[in-house]
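Each residue of the sequence shown is one higher than the last, beginning at 3 in the working numbering.
Quick reminder that beta carbons are idealized off the backbone N, C-alpha and C, glycines included.
Small disclaimer: the values here were computed from a predicted structure and weren't measured.
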Amino acid sequence: MTVQRPIHVTPGSLFFAPELPIHVNRASESFHLQEHTHDFIEICIVAEGEGEHYIDGTHFKVTKGDLFYIPVGVSHVFRPRSAAPDRSLIVYNCVFASACLDDVFRLLPLERKLRDFYGRAEEEKRWIALRDSAGEAQWTLQRLFLDSSQPAEGHSARLYAGLIELLVFVYRRCSPIASASVPAEENGIRELLGRIVRDCARTFNAEDIAAELGVSARQLQRLVKSASGMSLTEFVQEARIQESCRLLDESANKIGAIASAVGYQDMKFFNRLFKRKTGMTPREYRRRTLVRDDSVL
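Shown next as structure tokens:
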């Protein structure tokens, strides 16, 4: 006779309070945590490393970009491939009470198809496994982790907004109708624009991107213009200035370090572009939004 170990239920009260039933954490998985279920919903993604994910009686080999939607009551546990410290399995987890789904769909004019999709997933305890090839969901989870671990004014609104982004991401990847309604090249452009926003400091070469998407450089520019209203260069510049504004708001880093972090080594060009986009210099922007000592500038 096979003796089965009991599967423990992890309560949401360990992670969140009733007034804000959403929490995002970053976990280094180990061999100590036992298989468990939750009284909440979880969306998690492997951010670093390799290992196994045991879920609902089956298991997967997992690596960076593997994402899972886990309903209430479904058992699971991650295991790293190795216990060596330099081979950690890092997972971001967004955990939230099922009441969040009710609130989101009751209070916001979201499509009925989304509500039905997640209603069935919870009713049938249907877990979902996806690949986040372009890093869209991981970027959202990393941003939500910062909001959850370093709360500031408006962080609860950002957590709810990020949760909706994740729900839509999972729905679109699972829905043949939603996926089929968008031409493949438009999907490719949408992923490209998301990649630029998430990693704006990179160099984006039009010829290389066009070859990757299987279109001409001229067609690439037309598609980017149609999707964003800007040329590829303009969109990259806009993403970089928006990111520099965020860093000026949320960090005490020197302006030169921020310019470098968003992809600009030429400070004269950065200052000129920033003023053209925002109407003020980076120094003026920071003084307007934050009270800081001049030494950090």
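Within 9 Å, strictly: CB atoms of residue i and residue j
i: alanine 131; j: aspartate 68; result: yes
i: phenylalanine 171; j: asparagine 27; result: no
i: glutamate 37; j: glycine 53; result: no
i: tyrosine 56; j: phenylalanine 17; result: no
i: glutamate 126; j: asparagine 95; result: no
i: alanine 259; j: glutamine 267; result: no
i: arginine 160; j: arginine 145; result: yes
i: phenylalanine 33; j: proline 111; result: no
i: aspartate 58; j: histidine 78; result: yes
i: proline 284; j: phenylalanine 272; result: yes
Alpha carbon of residue i to alpha carbon of residue j, nearest angstrom
i: proline 13; j: leucine 275; result: 50 Å
i: glutamate 21; j: glutamate 155; result: 15 Å
i: phenylalanine 62; j: asparagine 207; result: 36 Å
i: arginine 175; j: phenylalanine 119; result: 12 Å
i: alanine 180; j: isoleucine 243; result: Reliability fails at alanine 180, whose pLDDT of 48 lies under 50, so the model's placement of it is uncertain and no value is given.
i: arginine 192; j: lysine 66; result: 21 Å
i: glutamate 252; j: aspartate 149; result: 11 Å
i: alanine 29; j: glutamine 221; result: 42 Å
i: valine 11; j: threonine 39; result: 5 Å
i: serine 183; j: leucine 116; result: Residue placement at serine 183 is poorly supported in this model, since its pLDDT is 49, which falls under 50; the coordinates still yield a value, given next. About 16 Å.
i: arginine 290; j: alanine 263; result: 21 Å
i: valine 74; j: phenylalanine 98; result: 10 Å
i: serine 90; j: proline 153; result: 27 Å
i: threonine 280; j: arginine 288; result: 12 Å
i: tryptophan 141; j: glutamate 245; result: 14 Å
i: arginine 200; j: tyrosine 162; result: 19 Å
i: proline 87; j: isoleucine 47; result: 20 Å
i: glycine 121; j: glycine 164; result: 19 Å
i: serine 177; j: methionine 282; result: 44 Å
i: leucine 307; j: leucine 194; result: As displayed, the chain neither begins before 3 nor continues past 299, which places residue 307 out of reach and without an answer.
i: leucine 299; j: threonine 60; result: Only weak support exists for where leucine 299 lies, its pLDDT of 41 falling under 50; the coordinates are left without a value.
Integer-rounded CB distance, given that residue j should sit under 8 Å from residue i
i: valine 106; j: isoleucine 24; result: Not quite, the Cβ-Cβ distance comes to about 10 Å (not below 8 Å), so this is no contact.
i: alanine 219; j: alanine 212; result: 4 Å
i: leucine 234; j: glutamine 223; result: 6 Å
i: glutamate 138; j: glycine 196; result: 5 Å
i: glutamate 124; j: serine 151; result: Actually they are not in contact, since the Cβ atoms of glutamate 124 and serine 151 sit about 27 Å apart, beyond 8 Å.
i: isoleucine 92; j: alanine 136; result: That pair is no contact at about 19 Å.
Residue i - containing alpha helix (DSSP H), residue span
i: asparagine 27; result: Per DSSP, asparagine 27 belongs to no alpha helix (DSSP H); it is in the beta strand (DSSP E), 24-31.
i: tyrosine 173; result: 157-176
i: threonine 12; result: Premise fails: threonine 12 lies in the beta strand (DSSP E), 10-12, not in any alpha helix (DSSP H).
i: alanine 139; result: 138-151
The ligand NAD heavy atom lying under 8 Å from the CB of residue i
i: lysine 115; result: For the structure depicted, the ligand NAD is absent and the ligand set is empty, with no information on it obtainable.
DSSP beta-bridge partners of residue i
i: leucine 132; result: Leu69
i: glycine 216; result: None; glycine 216 has no bridge partner.
i: asparagine 255; result: According to DSSP, asparagine 255 bridges with nothing at all.
i: valine 74; result: Looking at the DSSP assignment, valine 74 forms no beta bridge with any residue, so it has no partner.
i: tyrosine 287; result: Answer is none; tyrosine 287 lacks a bridge partner.
i: valine 64; result: Gly53
i: cysteine 46; result: Phe70, Asn95
i: alanine 19; result: Leu22
Span of the beta strand (DSSP E) around residue i
i: glutamate 266; result: Reading the sequence as shown, one finds tyrosine at residue 266 and not glutamate. Neither: tyrosine 266 is in no beta strand (DSSP E) and is coded neither H nor E.
i: alanine 123; result: No beta strand (DSSP E) contains alanine 123, which is instead part of the alpha helix (DSSP H) from 114-125.
i: cysteine 1; result: No answer is possible for residue 1: it lies beyond the span of the chain, which begins at 3 and ends at 299.
i: glutamate 37; result: Segment: none, glutamate 37 is in no beta strand (DSSP E) and carries neither H nor E.
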